[in-house]
Structures are given as structure tokens and as C-alpha cells.
Amino acid sequence: EPEVTQTPSHQVTQMGQEVILRCVPISNHLYFYWYRQILGQKVEFLVSFYNNEISEKSEIFDDQFSVERPDGSNFTLKIRSTKLEDSAMYFCASSRSRGQGREKLFFGSGTQLSVL
Amino acid sequence: LAKTTQPISMDSYEGQEVNITCSHNNIATNDYITWYQQFPSQGPRFIIQGYKTKVTNEVASLFIPADRKSSTLSLPRVSLSDTAVYYCLVVQGDSWGKLQFGAGTQVVVTP
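As given, the protein sequences belong to chains A and B, one line each in that order.
The letter at position 46 of the first sequence is residue 569 when you use this note's numbering, and the numbering goes up by one with no holes.
The letter at position 48 of the second sequence is residue 524 when you use this note's numbering, and the numbering goes up by one with no holes.
As C-alpha cells, then:
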């Protein structure tokens, strides 16, 4: 089965530093997403992305966050100035289509971000 | 957005059938019911999706009554590797892949 690949698997950074989390979605997918999960809490939606634009974003996705598809294969999440509360597992996901509620998202294994 | 309610945890033995019922009283006409599975330190994995009646795939079955106010995920003959958190989601027809995860049901399978 095709996979969404995320790198790195673990990232440790100092508060205030910028981090870029990288993802390679499934090759024929057109819709891309970032979710996060703070330890012991629910999986939370951050942003969806299609046709080089943000389709929807949550309240969590403030000005400190940005997403980009710099080339035909990568999808990145940048946090400009990390805070302690940004520590979480970040999941990238992709889907082939926007299926009116029927879309099937494929998630990567995540990047564990630790902000010290 | 339809809120979902499912048990916090369920225990089972290997080889048994596990049924997880989820209630979603406020489901809308164009909403779909979707179940995901999550292992520790991994991303959620799609299991099954349905609109009404019964859906079956190689992993599970999903039963949805006519009023669609609840759904039951059935895992036949579970093994130790089925120990995971299972999420019931109601996905809006106009969502942009914005999935609203709840706390899920922790299923523990023991020998």
C-alpha cells in the first residue's frame, strides 16, 4: 500500500527557533493536510491544502504556522518561532480527492516535535 | 457538526468479535460515518466508511441503522495486533478533509 512519508521522525528544538517538518504525500494525491496530537490528547486538525492554497485552517493554525508545497513531491509545515506548547506529534495526511465527506485520508507516521 | 459518543475502552480476548457502538444523534443528511484506527506513535489509519445499512471490507464491518443515529464497528476474530484506539467520526459532506477526532475507544486484546 502506498505511504505518506514524514521526516524527521523526531525533532528537538529550542523555544523561539524555527522548525520545518517535511512530508512526502502519496504521489497521485491532490489534497494535503496537517494534524497534530499533543501527548494524551485528541488528534487535531491544523490545515488543509489544495492547488497551492490553504483550503481550510483551524484556530490553532495561527500566523506562526505556514505550509508550502515547494516542489511536486514535498509538503512542509513551518513553525516560525516555536513555543513550549507546540510540542506534539505532527501528522501529515493526503487524499486523492475531496469526496464530499467520503475522502479517505492516508496519514504518515508523524514527527514528534519537542520544544525545550 | 455531529458529536460522537463511544465507549472509552473495551477489553477482549483473542479470537473474539469486538463490536464498538458509536452514537451520533445529530448526524446530517450529507454526513458520512468513518472509522479510523490508531496504534501508539502512529498516524490514524482508515478502516471503513458508510452512509447507511451495512458495509464490509477485509478488515471490519460497519452497521448503520436506518435512522443513522448510531453505528457499530465490528472487528471479527480479533488478534493481539488489533489492540489500538478506534475513532468514530462523522464527516461532513462539505469538509475539506477536516476530520474531528474524539477520544476514541481503546481496545485491548489479550491472549
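The beta-carbon is built from N, C-alpha and C at its ideal position, and this holds for glycine as well.
Does the beta carbon of residue i come closer than 8 Å to any beta carbon on chain B?
i, result
"residue 550 of chain A", "no"
"residue 571 of chain A", "yes"
"residue 601 of chain A", "no"
"residue 626 of chain A", "yes"
"residue 568 of chain A", "yes"
"residue 608 of chain A", "no"
"residue 637 of chain A", "no"
"residue 621 of chain A", "yes"
DSSP beta-bridge partners for residue i?
i, result
"residue 579 of chain A", "A:571"
"residue 549 of chain A", "Looking at the DSSP assignment, residue 549 of chain A forms no beta bridge with any residue, so it has no partner."
"residue 561 of chain A", "Its beta-bridge partners do not exist; DSSP assigns none."
"residue 528 of chain A", "A:547"
Of all the options the options, which has the alpha carbon lying nearest to the alpha carbon of residue i?
i, options, result
"residue 586 of chain B", "B:486, B:481 and B:482", "B:486"
"residue 539 of chain A", "A:621, A:601 and A:626", "A:601"
"residue 542 of chain A", "A:534, A:548 and A:549", "A:534"
"residue 528 of chain B", "B:489, B:509 and B:582", "B:509"
"residue 507 of chain B", "A:591, A:625, A:531 and A:586", "A:625"
"residue 588 of chain A", "A:551, A:566, A:603 and A:537", "A:603"
"residue 524 of chain A", "B:583, B:530 and B:522", "B:522"
Is any beta-carbon of chain A found at less than 8 Å from that of residue i?
i, result
"residue 478 of chain B", "no"
"residue 518 of chain B", "yes"
"residue 530 of chain B", "no"
"residue 525 of chain B", "yes"
"residue 573 of chain B", "yes"
Margin query: Whether or not the region 500-515 of chain B and the region 602-615 of chain A are in contact is what I'm after, with contact meaning three or more pairs of Cβ atoms, one per stretch, closer than 8 Å; do they touch?
Written below: no
Item checked: Ordered list of beta strand (DSSP E) runs contained in the region 520-553 of chain B, each at least 3 residues -> 521-526, 529-532, 537-540 and 546-551
Check: At a cut of 8 Å, does the region 557-565 of chain B reach the region 624-634 of chain A through at least three beta carbon pairs?
Finding: no
Notebook entry, point to check: With contact counted as at least three CB pairs below 8 Å, one residue from each stretch, are the region 589-603 of chain A and the region 525-544 of chain B in contact?
Noted result: no
Item checked: Cβ contact check for the region 564-583 of chain A and the region 568-580 of chain B: 3 or more pairs under 8 Å -> yes
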